[in-house]
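For reference, the structure discussed in these notes is given below.
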Amino acid sequence: MIYYNVEHLIALRAMDVHFSVGGDMLLATMQVKPSLKDKIRDAQEKDPHLQKVKTKVQEGKNNQFIIQGDGMLLNGRRVCVPNVEELRTEIMHEAHYAPYAMHPGSTKMYRDLRPYYWWPTMKKDVAEFVARCLTCQQVKAKHQAPAGKLHLLSVPEWKWEKITVDFIVGLPRTFRKHDAIWWMWID
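In UniProt numbering, the protein residues as written are 1 to 187.
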């Protein structure tokens, strides 16, 4: 038994949704979710900063931004993403975790997103997003030549005769973003 409502079918056809049901097919549920573009456009309407930018564009005082026919605000050809953490995270999550993305580093991910999206702190946000990815931190390739062999030094005869300096790098970042130690030994 197939239940259908004519109004629902008309609405689905208007959205360009096509499906067929045969004797051996079953349609359990169907849920329509707003696209990312719709979410961004709705959030742009609620963002006071972007509304000011839109007003300036409409008044002809800002040539850097463009308003599309559907109301979407663009910076050149890039979609302006409002200051909504969930939207920005969704964009970065798709660019980083999607099967075709394969966990790019922050530079590659930024270069991939930059032609399509824009927000003021995008480069920093992408770097922080990748830095929080546990998988990336565990399998990150080391792009450093192997350290040289240590050589024994002769015992000095006077104070301050020999000064040895070394850098220990590649340590986990501290809360102040430091990841190296400068080590000095004086004989």
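Virtual Cβ for every residue (Gly too), placed ideally from N, Cα, C.
Residue from LEU87, ARG77, ALA95 whose Cα sits closest to the Cα of SER106
ALA95
Between the Cα of ASN63 and those of THR89, CYS133, VAL53, spot the shortest distance and give me the residue it belongs to.
VAL53
Out of LEU36, PHE129, MET122, which one is the CA nearest neighbour of PRO104?
PHE129
According to DSSP, is ALA14 part of a helix, a strand, or is it coil?
helix
Neighbour-count burial assignment, GLN44, 16 or more Cβ in a 10 Å radius:
buried
Go ahead and pull the three-state DSSP assignment for THR89.
helix
For LYS142 and ARG173, the rounded distance between their alpha carbons
16 Å
Do you know how far the Cα of GLY69 is from the Cα of VAL79?
13 Å
Whole angstroms are fine: how far does the CA of TRP182 sit from the CA of LYS108?
30 Å
Within 10 angstroms of its Cβ, does TYR116 collect 16 or more other Cβ (buried), or is it exposed?
exposed
May I ask you to report which of helix, strand or coil DSSP gives CYS80?
strand
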